[in-house]
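Numbering of the sequence shown is given in UniProt numbering, commencing with residue 3 and proceeding in unit increments.
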Amino acid sequence: SSKKILVLAGDGIGPEVMREVAKIVNWFRAYRGLDVDIAEELVGGASLEVHGVPIRDEVIQRAHEVDAILFGAVGDPKWAHVDFNLRPEAAILALRKELDLFANLRPAQVFDALADASTLKAEYVSKLDLLIVRETVGGIYFGTPRGIETLPDGSRRGINTELYTTSEIERVARVAFDAARKRQGHVCSVEKSNVMESGLLWREVVTSLQQAEYPDVTLTHMLADNCAMQLVRNPKQFDVIVTGNLFGDLLSDLASMLTGSLGMLPSATLGPLKQDGRRAALYEPIHGSAPDIAGQGIANPIAQILSFAMMLRYSFERDEDARLIETAIENILNTGLRTADIMTLGTARVGTEVMVAAILQE
Ligand code: NAI
Ligand code: MG
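Next comes the structure, spelled out in structure tokens:
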């Protein structure tokens, strides 16, 4: 039976790259027997414009029902002054929260042709392929008590609390171990167990889970500050990194720059396994709506295309199809074709459409 995909293109370059990715999806329908039903909805500034809210309840409901969500980007400077809950960005936060999308998977892969585009020397990043699994609905971002309070002496203090339960740690660690089994079989768990109780529990729970259920995966532990240093010193030592919300935010942004361009990097955010064996999943590039280049036809579509490849791999178990996309992109980059954001010399600069046409042809 056909799979259901909800497409939420959003704002800025979101719709520009999504329009092109639709061509890739159609190619898989035509030539690889991909059987999908696609529904599109407005989110972000585009939804505000028409419906007065960044995301409608019906769209959240739709999101619950489909097999996978392909998300573009939200954010429009036009709405920067409105109330926090009414900004375009509230759409993606609402989706994560409502669907309990707790595990954010961010691969940082370096294509051979782009090793010289990294902020590190090519030798440190060539063949780099690491995956950061970040917990996204718990930890210090959401723990209570929180807030800003005034003390008796009139001074004020800001409060956030880091909380992690064993089940929150276990479910994200499981995602990391499962991913490692399909990769090099190594997980590095990152926290600050030297100074934080939540980190101590994190380390205990991850260790017990590995011993009980994943003896075939090797597990190491690293303190978060050391991990930041190691990612820059020798990123190729890592396979899968699993970490909490705050450390994952910092480390995944850091890792993204090792690969050369924000316009290349996809992500998947997974929810809990449901009774029918499926899980909610949202796939999106890590870049935003790029208002500075929107409407010019020059956005790099590769992050969005690779997000679709991740959907094929994680939600539809079509690993071979995902590889077809990745290989086509690799081959095209090897020919020297580049969008303007990729900082390498001596290459042909093309816009969004030409890049996608070349990938499709390949
Ligand atoms: P951004 O990622 O949109 O852009 C940062 C820089 O990278 C810009 O110079 C942009 O032109 C460039 N860039 C990004 N993606 C590119 C691509 N595919 N091809 C070529 N160049 C690309 O981040 P920024 O500027 O901080 O945020 C812009 C808006 O996007 C804001 O409203 C922000 O809140 C929103 N945003 C939304 C996200 C989401 O929907 N998940 C994630 C990050 C930001
Ligand atoms: Mg961030």
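Don't be surprised by glycine CBs; every beta carbon is placed ideally from N, CA and C.
Predicted, not measured: the structure shown is a model, and the values here were computed from it.
So does residue i have its beta carbon nearer than 8 Å to some heavy atom of the ligand NAI?
| i | result |
| --- | --- |
| S210 | no |
| E51 | no |
| S258 | no |
| A178 | no |
| L107 | no |
| H289 | yes |
| L264 | yes |
| G14 | yes |
| V139 | no |
| E286 | yes |
| D343 | yes |
| V356 | no |
| G353 | no |
| P90 | yes |
| A82 | yes |
| F113 | no |
| V9 | no |
| F73 | yes |
| G46 | yes |
| V61 | no |
| P293 | yes |
| E94 | Before going on, a small fix: residue 94 reads as Ile here, not Glu. Answer for I94: yes, Cβ within range of the ligand NAI. |
| P303 | yes |
| I300 | yes |
| residue 373 | Limits of the chain in this structure are 3 at one end and 364 at the other, which puts residue 373 out of reach. |
Among the options, which has the Cα closest to the Cα of residue i?
| i | options | result |
| --- | --- | --- |
| F144 | V219, E164, V135 | E164 |
| I243 | G265, T220, T261, G262 | T220 |
| V189 | M224, S169, P147 | M224 |
| L103 | V19, R205, V177, Q212 | V177 |
| A32 | E355, D323, T354 | D323 |
| G246 | D218, M198, V234 | M198 |
| L95 | I307, F30, L284 | L284 |
| E60 | H83, E18, L8 | L8 |
| Q186 | H83, L133, G141, Y166 | L133 |
| Q298 | L335, E355, Q63 | E355 |
| A41 | V52, H53, T271, M20 | M20 |
| D85 | E100, S4, I62, P56 | P56 |
In the DSSP assignment, what are the bridge partners of residue i?
| i | result |
| --- | --- |
| N106 | R136, T271 |
| L284 | I71, T271 |
| K5 | V38 |
| R235 | For R235, which the question treats as bridged, DSSP gives no partner whatsoever. |
| M345 | Per DSSP, none; premise fails for M345. |
| V242 | L133, V189 |
| M224 | V192 |
| A350 | L339 |
| R176 | BP columns for R176 are empty, so no partner. |
Going straight from the alpha carbon of residue i to that of residue j, what length do you get?
| i | j | result |
| --- | --- | --- |
| A117 | L267 | 14 Å |
| E67 | A359 | 32 Å |
| G279 | S317 | 11 Å |
| T152 | V208 | 38 Å |
| D114 | N162 | 42 Å |
| N106 | L202 | 22 Å |
| E125 | D131 | 14 Å |
| S120 | T329 | 20 Å |
| V135 | D155 | 43 Å |
| P79 | L211 | 45 Å |
| R183 | A175 | 12 Å |
| R340 | A305 | 13 Å |
| L275 | S263 | 32 Å |
| I71 | A230 | 31 Å |
| D255 | Q213 | 31 Å |
| A11 | P17 | 5 Å |
| S200 | L335 | 43 Å |
May I ask whether a heavy atom of the ligand FAD can be found less than 8 Å away from the beta carbon of residue i?
| i | result |
| --- | --- |
| G77 | No copy of the ligand FAD appears in this structure; the ligands present are the ligand NAI and the ligand MG. |
- Message: Does the contact criterion of 3 or more C-beta pairs under 8 Å hold for the stretch 66 to 86 versus the stretch 290 to 297?
- Response: yes
- For the 8 Å Cβ check, are there 3 or more pairs between the stretch 47 to 54 and the stretch 81 to 96? yes
- Message: With three or more C-beta pairs closer than 8 Å as the rule, is the stretch 307 to 315 touching the stretch 23 to 32?
- Response: yes
- Does the count of Cβ pairs from the stretch 31 to 39 and the stretch 239 to 254 closer than 8 Å reach three? no
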